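There are 2 protein chains.
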Amino acid sequence: MSKNPPHDDDRSAGPRTERPKVRLYLEHPLGKGQHVDVSQDQAHYLLNVMRLRENDVVALFNGRDGEWAARLVDTGKKRATLRVESPTAPQQRPPDLWLLFAPIKKARTDFIVEKAVELGVARIQPVQTEFTNAERIRRDRLQAHAVEAAEQSGGTFVPEVAELESLRRVLARWPEGRVLWWADEGLAGGALAEPAPAPAAILIGPEGGFSPTERARLAALPFVRRLSLGPRILRADTAAVSALTLWQARHGDWGV
Amino acid sequence: MSKNPPHDDDRSAGPRTERPKVRLYLEHPLGKGQHVDVSQDQAHYLLNVMRLRENDVVALFNGRDGEWAARLVDTGKKRATLRVESPTAPQQRPPDLWLLFAPIKKARTDFIVEKAVELGVARIQPVQTEFTNAERIRRDRLQAHAVEAAEQSGGTFVPEVAELESLRRVLARWPEGRVLWWADEGLAGGALAEPAPAPAAILIGPEGGFSPTERARLAALPFVRRLSLGPRILRADTAAVSALTLWQARHGDWGV
Numbered sequence: 001m002s003k004n005p006p007h008d009d010d011r012s013a014g015p016r017t018e019r020p021k022v023r024l025y026l027e028h029p030l031g032k033g034q035h036v037d038v039s040q041d042q043a044h045y046l047l048n049v050m051r052l053r054e055n056d057v058v059a060l061f062n063g064r065d066g067e068w069a070a071r072l073v074d075t076g077k078k079r080a081t082l083r084v085e086s087p088t089a090p091q092q093r094p095p096d097l098w099l100l101f102a103p104i105k106k107a108r109t110d111f112i113v114e115k116a117v118e119l120g121v122a123r124i125q126p127v128q129t130e131f132t133n134a135e136r137i138r139r140d141r142l143q144a145h146a147v148e149a150a151e152q153s154g155g156t157f158v159p160e161v162a163e164l165e166s167l168r169r170v171l172a173r174w175p176e177g178r179v180l181w182w183a184d185e186g187l188a189g190g191a192l193a194e195p196a197p198a199p200a201a202i203l204i205g206p207e208g209g210f211s212p213t214e215r216a217r218l219a220a221l222p223f224v225r226r227l228s229l230g231p232r233i234l235r236a237d238t239a240a241v242s243a244l245t246l247w248q249a250r251h252g253d254w255g256v
Numbered sequence: 257m258s259k260n261p262p263h264d265d266d267r268s269a270g271p272r273t274e275r276p277k278v279r280l281y282l283e284h285p286l287g288k289g290q291h292v293d294v295s296q297d298q299a300h301y302l303l304n305v306m307r308l309r310e311n312d313v314v315a316l317f318n319g320r321d322g323e324w325a326a327r328l329v330d331t332g333k334k335r336a337t338l339r340v341e342s343p344t345a346p347q348q349r350p351p352d353l354w355l356l357f358a359p360i361k362k363a364r365t366d367f368i369v370e371k372a373v374e375l376g377v378a379r380i381q382p383v384q385t386e387f388t389n390a391e392r393i394r395r396d397r398l399q400a401h402a403v404e405a406a407e408q409s410g411g412t413f414v415p416e417v418a419e420l421e422s423l424r425r426v427l428a429r430w431p432e433g434r435v436l437w438w439a440d441e442g443l444a445g446g447a448l449a450e451p452a453p454a455p456a457a458i459l460i461g462p463e464g465g466f467s468p469t470e471r472a473r474l475a476a477l478p479f480v481r482r483l484s485l486g487p488r489i490l491r492a493d494t495a496a497v498s499a500l501t502l503w504q505a506r507h508g509d510w511g512v
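If you want it as structure tokens, here you go:
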């Protein structure tokens with residue numbers, strides 16, 4: 001669950017009063033009258049961190065049933081039971097957009113996952129490239145980070161963080177009809193390409209960019225489009241946010 | 257200067273060989289044949305961190321004269337002298353775009369400054385709002401962070417980071433003809449407004465958003481335009497990157 005107590009809340013959001021004090025993600029099905037026993041960690045968070053008491057209301061979501069208001073009806077030393085009362089937000093599903101990125105330093109990898117959830121992606125696929133430093137990732141940790149980002153950004157959907165795979169293998173079994181939008185630093189200063197509509201994916205380069213071999217392979221693939229992100233060199237994490245923003249504004253659910 | 261040795265380089269950039277191993281920002285005028293004595297810190301960085309030796313070449317820029325190749329011609333225990341040899345990049349100037357933001361947690365404030373430099377802004381103005389936690393900022397530290405971001409992103413321009421001022425005062429003496437583009441979380445889900453061309457500024461809300469008073473004041477100002485950043489709640493740092501991206505793609509120097 002969110003590790004941020006309210007005073008530590010830096011969401012760029014509306015008045016505090018419009019938001020529930022606490023949002024929790026859980027696997028449990030949600031529906032009117034359901035009783036939910038939260039995990040020990042979540043109970044500790046609700047009772048000791050957020051100092052909630054019986055009859056306090058929290059927001060629950062499970063990625064499938066939308067957001068629900070639930071009331072603390074029974075609490076113990078290390079446990080808490082909530083009664084689901086009424087729906088507070090419909091289930092949202094982001095556009096069918098994937099983010100492929102090469103893991104970088106921990107803080108910036110966490111950042112990319114957090115921003116992808118906020119900006120709205122359906123799936124996050126870490127890819128191993130020739131210049132990728134990370135041999136492996138903590139998939140479970142990144143998935144938990146995605147959950148926390150959804151809890152804090154008011155989202156009702158949590159994208160899957162897939163296992164790290166080699167870019168070669170991901171490209172080899174690329175699904176038909178999905179355009180891969182390659183944020184190509186080689187185009188810096190070139191014309192801004194038009195992102196392709198969903199189903200789509202965005203590919204962000206690793207530290208040091210792609211190898212010449214990888215660049216040649218990408219350039220030759222029919223489902224790959226190249227995109228310029230302006231005349232300045234962007235860090236991988238910046239490129240991810242900028243590319244997702246451009247796609248959402250042009251083809252996504254940003255209300256254009 | 258850049259605190260990142262090359263192996264720690266996560267710039268999303270072209271092949272490493274296309275970039276100088278080291279880029280240094282300094283105040284000194286740059287021109288062919290100039291000799292430059294770098295600071296002790298920079299000498300330590302060049303000689304001990306980057307392990308450069310005499311005759312090695314680095315890239316220098318000062319925010320005015322473009323980027324120059326300079327050669328290490330004399331080194332001592334704690335000093336280094338460079339001879340400026342040839343221009344390697346013209347002086348760039350970003351569009352006349354300001355970023356106004358309310359300081360948040362240190363790491364995310366640093367992040368906003370770094371991203372603003374990468375994405376290209378002319379000026380960074382921290383603003384104090386009713387919900388801003390920070391009473392003061394380390395302006396010098398944020399300015400140094402902007403310098404480092406320019407060194408690492410290959411830029412030749414370093415935006416000024418202004419002193420923290422109250423939003424009220426900034427709005428009270430707003431320059432004529434500059435549109436202030438307000439990333440209004442209250443519009444979440446609304447139509448994506450068209451950003452205004454330069455001269456322009458982007459205003460990002462603080463933790464918890466703007467107060468009702470501030471929202472009313474902003475809405476009433478003739479030079480303020482409201483912008484929606486999609487249906488999900490974005491953190492302040494995400495909103496900054498997304499808003500700067502949308503502006504650059506529509507009105508900036510991203511080659512559209």
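Line by line, the protein sequences give chains C and E.
Using my numbering, you'd call the opening residue of the first sequence number 1 and step up by one each time.
Using my numbering, you'd call the opening residue of the second sequence number 257 and step up by one each time.
For every residue, glycine included, the Cβ atom is placed at its ideal position computed from N, Cα and C.
Model, not experiment: these values are computed from the prediction.
Task: Cβ-based neighbour list, residue 368 of chain E, same chain, cut-off 6 Å, excluding 5 preceding and 5 following - done: These residues qualify, in order along the chain: 357, 493, 496.
Task: CB contact check: residue 201 of chain C to chain E, cutoff 9 Å - done: Using a Cβ-Cβ cut-off of 9 Å, residue 201 of chain C does not count as an interface residue toward chain E, since no Cβ of chain E sits closer than that to its own.
Task: N-terminal and C-terminal residue of the beta strand (DSSP E) that residue 379 of chain E is part of - done: Counting along the chain, the beta strand (DSSP E) containing residue 379 of chain E begins and ends at 379-384.
Task: For residue 494 of chain E, three-class secondary structure by DSSP - done: Correct three-state label for residue 494 of chain E: helix.
Open item on the list: Using 8 Å as the cut-off, can you tell me whether the stretch 319-328 of chain E makes contact with the stretch 279-290 of chain E, which would need three or more C-beta pairs spanning the two stretches below that distance?
Closed with: Touching, yes, given that three or more Cβ pairs across the two stretches are closer than 8 Å.
Task: Any chain E beta carbon closer than 9 Å to residue 224 of chain C - done: Chain E contact via Cβ: absent.
TODO: Name the one or two DSSP bridge partners that residue 417 of chain E has.
DONE: For residue 417 of chain E, the beta-bridge partners assigned by DSSP are E:380.
Task: Simplified DSSP state of residue 323 of chain E, which is helix, strand or coil - done: Secondary structure of residue 323 of chain E (DSSP, three-state): strand.
- [ ] Could you run through the stretch 374-401 of chain E and flag, in chain order, every residue whose CB is less than 9 Å away from some CB of chain C?
- [x] Considering only beta carbons, the part of the stretch 374-401 of chain E lying closer than 9 Å to chain C consists of 374, 375, 376, 387, 389, in chain order.
Open item on the list: Suppose contacts are defined by Cβ-Cβ distances below 9 Å. Is residue 231 of chain C in contact with residue 324 of chain E by that definition?
Closed with: No, the Cβ-Cβ distance between residue 231 of chain C and residue 324 of chain E is not below 9 Å.
Open item on the list: Out of E:421, E:298, E:405, E:393, which one is the CA nearest neighbour of residue 384 of chain E?
Closed with: Ranking the options by Cα distance to residue 384 of chain E, first place goes to E:421.
Task: Within chain C, partners of residue 347 of chain E - CB distance below 8 Å - done: Neighbours of residue 347 of chain E on chain C: none; closest Cβ ~13 Å, over 8 Å.
Task: Whole-number beta carbon distance between residue 122 of chain C and residue 98 of chain C, since they are thought to touch under 8 Å - done: Cβ atoms of residue 98 of chain C and residue 122 of chain C come within 8 Å of each other, at about 6 Å.
- [ ] Rounded to whole angstroms, what's the CA-CA distance from residue 46 of chain C to residue 52 of chain C? Just pull it up for me.
- [x] Cα-Cα distance, rounded: 6 Å.
Task: Touching by the beta-carbon criterion (3+ pairs, under 8 Å), the stretch 71-84 of chain C and the stretch 33-40 of chain C - done: Touching, yes, given that three or more Cβ pairs across the two stretches are closer than 8 Å.
TODO: Would you check if the stretch 455-474 of chain E and the stretch 427-443 of chain E touch, i.e. whether three or more CB-CB distances between them fall below 8 Å?
DONE: By the Cβ test, the stretch 427-443 of chain E is in contact with the stretch 455-474 of chain E, since at least three Cβ pairs between them sit closer than 8 Å.
Open item on the list: Judging by CA-CA distance, which residue of E:382, E:362, E:456 is the nearest neighbour of residue 350 of chain E?
Closed with: Per the Cα distances, E:456.
TODO: Using a threshold of 9 Å, state whether the C-beta atoms of residue 57 of chain C and residue 72 of chain C are closer than that.
DONE: Yes.
Task: C-alpha gap between residue 173 of chain C and residue 163 of chain C, whole angstroms - done: Each residue's alpha carbon lies about 15 Å from the other.
Task: Check whether residue 178 of chain C and residue 223 of chain C have beta carbons under 9 Å apart - done: It is a contact, given that the beta carbons lie within the stated cut-off.
- [ ] With residue 44 of chain C as the anchor, note down where its alpha helix (DSSP H) starts and where it stops.
- [x] According to the DSSP assignment, residue 44 of chain C belongs to the alpha helix (DSSP H) that extends over 40-44.
TODO: Could you list which residues in chain E have their beta carbon closer than 8 Å to that of residue 254 of chain C, in chain order?
DONE: Simply 448, 484, 485, 486, 487.
- [ ] Verify whether the separation of the beta carbon atoms of residue 376 of chain E and residue 500 of chain E is less than 9 Å.
- [x] Closer than 9 Å, so yes.
Open item on the list: With a threshold of 6 Å on Cβ separation, who are the neighbours of residue 382 of chain E within its own chain once the five nearest residues in sequence on each side are excluded?
Closed with: Short of 6 Å from the beta carbon of residue 382 of chain E, and not among the five residues preceding or following it, lie these beta carbons of its own chain, in chain order: 359, 393, 420.
TODO: Let me know the secondary structure DSSP gives residue 256 of chain C once reduced to three states.
DONE: The predicted model places residue 256 of chain C with a pLDDT of 47, which falls under 50 and marks its position as unreliable; any figure quoted below should be read in that light. Looking at residue 256 of chain C - three-state DSSP - the assignment turns out to be coil, as it is neither helix nor strand.
Open item on the list: Let's see if you can read the secondary structure: which residues bound the beta strand (DSSP E) around residue 317 of chain E?
Closed with: From DSSP, the beta strand (DSSP E) with residue 317 of chain E extends over 313-317.
- [ ] Given a cut-off of 9 Å, decide if residue 217 of chain C and residue 169 of chain C are closer than it, judged by their beta-carbon atoms.
- [x] In this structure, residue 169 of chain C keeps its C-beta atom at 9 Å or more from the C-beta atom of residue 217 of chain C.
TODO: Determine the burial state of residue 363 of chain E: buried for a count of at least 16 other Cβ atoms within 10 Å of its Cβ, exposed for fewer.
DONE: Residue 363 of chain E comes out exposed.
- [ ] Consider the Cβ of residue 497 of chain E: report whether some Cβ of chain C lies at a distance smaller than 9 Å.
- [x] Residue-level contact by beta carbon holds for residue 497 of chain E and chain C, with a gap shorter than 9 Å.
TODO: Mark residue 221 of chain C as exposed unless 16 or more other C-beta atoms lie within 10 angstroms of its C-beta, in which case mark it buried.
DONE: It is exposed - the Cβ of residue 221 of chain C has fewer than 16 other Cβ atoms within 10 Å.
- [ ] Could you please tell me which residues of the stretch 287-303 of chain E, in chain order, have their CB closer than 7 Å to any CB of chain C?
- [x] Within the stretch 287-303 of chain E, no residue qualifies.
Open item on the list: With distance defined between alpha-carbon atoms, name the residue in C:114, C:158, C:109, C:82 nearest to residue 134 of chain C.
Closed with: The shortest C-alpha separation from residue 134 of chain C is found at C:109.
Task: Option in C:32, C:44, C:158 with minimal Cα separation from residue 86 of chain C - done: The residue with the shortest Cα to Cα distance from residue 86 of chain C is C:32.
TODO: Taking only beta-carbon positions, decide if residue 171 of chain C is within less than 9 Å of chain E.
DONE: It does not: the Cβ of residue 171 of chain C has no partner Cβ on chain E nearer than 9 Å.
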